[in-house]
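Undergrad:
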């Protein structure tokens, strides 16, 4: 079976059919070819695989070595040997760079191999993530061939270094694509530059794991230089890049939230409506939009997103702190896994603001004597009615109100232990959240 499979790979190399070869090698996608590859490798030893790959016809060198290292990494993945899988994936990447990319660049050769390169790079980053995760869970590697001097960080750094060397070859390519130019990833119209987005996306993914910006910033700068011709790159790679870049800005927090909003909105706009990635983008974009005072129409959201965000939106509209906290507790694991729990938790301040606004409007409608003056005891009673916190005291309420005033989310002042006094004009008492610049940034 392996001989038949390798014959198909050789045929793709002869025809310079990068797309078909990439499909043959990609075992992580749900297709008949990936299932076939897994079935073939399950019954092979590493020595048998090496013998048959190295025995390929001489005219397909250096592809025989690259394919061998690549398939060996998959074999180790299937057998749950993450360190060996990662080592083989790095070897495949290094051979690819030295013996295919560098040679093709010198000879101005056709980059038909670009889809294959993407598959090899994706495999290396996936193997690095799998090894890093396994080492986090257990410092001892089960396959017994792991050098103890290799730390988790070293695994990611070496993988990023391999990607950066590939990226250097791409940026050295003088054939920069023109804006709006047609692309054929497996044909002559593609240039090595067209793989830049995909490569940088892998760098972002790995750098996020160790919170390293030393490698990340130069990679992002290289992509930014080509912003005027982004439309000439594969759309899927551009959307993925904007998503990863936006997620990275979210993790950095603070004023970087503006960049995250811009990148994720662009990613959502460019993403195909039929793509599942649209939901992944919205999972990050919706909380960010809430920070800027934009609440989503939850009826138009996917079922899973609707269930998670609809109660939060309702709490933000009605000032229901109990509902907000209950929702945060119920979906805590989901929000943590999506890296948005800490982001969403800051919205509780806006929920408290909505409660004050509701009390303010109620007093106005009741023609109260001083509708612009909210007694602290009235606020505590409202919280108790909502079952938000039975033990909250006036000092804590006063502290929250002072924070709202300091961050310019409400306009007024606090009469110590008595009341919060605001303008009689509701638009001045509760200025638009959009005008409260950087309110989410911690001041200490």
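Residue numbers (the numbering used here): 839 to 1282.
The C-beta atom is built at its ideal place from N, Cα and C for all residues, glycine as well.
Since residue 913 contacts residue 884 with CB under 8 Å, what's their CB separation in whole angstroms?
TA: Rounded, the Cβ-Cβ distance is 7 Å, consistent with contact.
Undergrad: In the DSSP assignment, what are the bridge partners of residue 1202?
TA: Bridge partners of residue 1202: none, in fact.
Undergrad: My output table needs one value for residue 1257: the three-state DSSP class, helix, strand or coil.
TA: In the structure shown, residue 1257 sits in a strand (DSSP, three-state: E or B).
Undergrad: Going by the beta-carbon positions, is the gap between residue 1076 and residue 1108 smaller than 8 Å?
TA: Against a cut-off of 8 Å, the Cβ pair of residue 1108 and residue 1076 comes out as a contact.
Undergrad: Evaluate residue 1244 with the Cβ neighbour count: other Cβ atoms within 10 Å of its Cβ, from every protein chain shown; 16 or more gives buried, anything less gives exposed.
TA: With fewer than 16 other Cβ atoms within 10 Å, it is exposed.
Undergrad: Tell me the rounded alpha-carbon separation between residue 1119 and residue 1184.
TA: So the two alpha carbons sit approximately 20 Å from each other.
Undergrad: Can you find at least 3 beta carbon pairs, one from the region 1183-1197 and one from the region 1264-1281, that sit closer than 8 Å?
TA: Contact holds: three or more Cβ-Cβ distances are below 8 Å.
Undergrad: Taking residue 959 and residue 1037 to be in contact with their CB atoms under 8 Å, please state how far apart those CB atoms are, rounded to whole angstroms.
TA: That belief holds up - the Cβ atoms of residue 959 and residue 1037 are roughly 6 Å apart, short of 8 Å.
Undergrad: Drop a sphere of 10 angstroms on the beta-carbon of residue 933, count the other beta-carbons inside from all chains shown, and report buried for 16 or more, exposed for fewer.
TA: So residue 933 ends up on the buried side.
Undergrad: Span of the beta strand (DSSP E) holding residue 1054?
TA: Here residue 1054 belongs to no beta strand (DSSP E); instead the alpha helix (DSSP H) covers 1054-1062.
Undergrad: My output table needs one value for residue 908: the three-state DSSP class, helix, strand or coil.
TA: Residue state, collapsed to three classes: helix.
Undergrad: Between 1273, 1191, 1005, 916, which lies nearest to residue 1235 when the distance is taken from Cα to Cα?
TA: Among 1273, 1191, 1005, 916, the Cα nearest to that of residue 1235 belongs to 1191.
Undergrad: Quick test of your reading: residue 990 and residue 973, contact by CB under 8 Å. State the CB separation rounded to the nearest angstrom.
TA: Right, the Cβ-Cβ distance comes to about 5 Å (below 8 Å), so this counts as a contact.
Undergrad: Figure out for me which residue from 1261, 1160, 1253, 998 has the closest Cα to the Cα of residue 1220.
TA: Among 1261, 1160, 1253, 998, the Cα nearest to that of residue 1220 belongs to 1160.
Undergrad: Please return the same chain residues whose Cβ sits closer than 7 Å to the Cβ of residue 1101, not counting the five positions on each side in sequence.
TA: Around residue 1101: 1080, 1083, 1084, 1087.
Undergrad: Within 10 angstroms of the Cβ of residue 1237, are there 16 or more other Cβ atoms? Answer buried if so, exposed if not.
TA: Under this definition residue 1237 is an exposed residue.
Undergrad: DSSP state of residue 1213, grouped into three classes?
TA: If DSSP states are grouped into helix, strand and coil, residue 1213 belongs with the strands.
Undergrad: Is it the case that the region 921-928 contacts the region 899-913, given that we only count it when at least three CB pairs across the two stretches are under 8 Å?
TA: Touching, yes.
Undergrad: Taking DSSP's pairing of strands, which residues face residue 1250 in a bridge?
TA: Looking at the DSSP assignment, residue 1250 forms a beta bridge with 1260.
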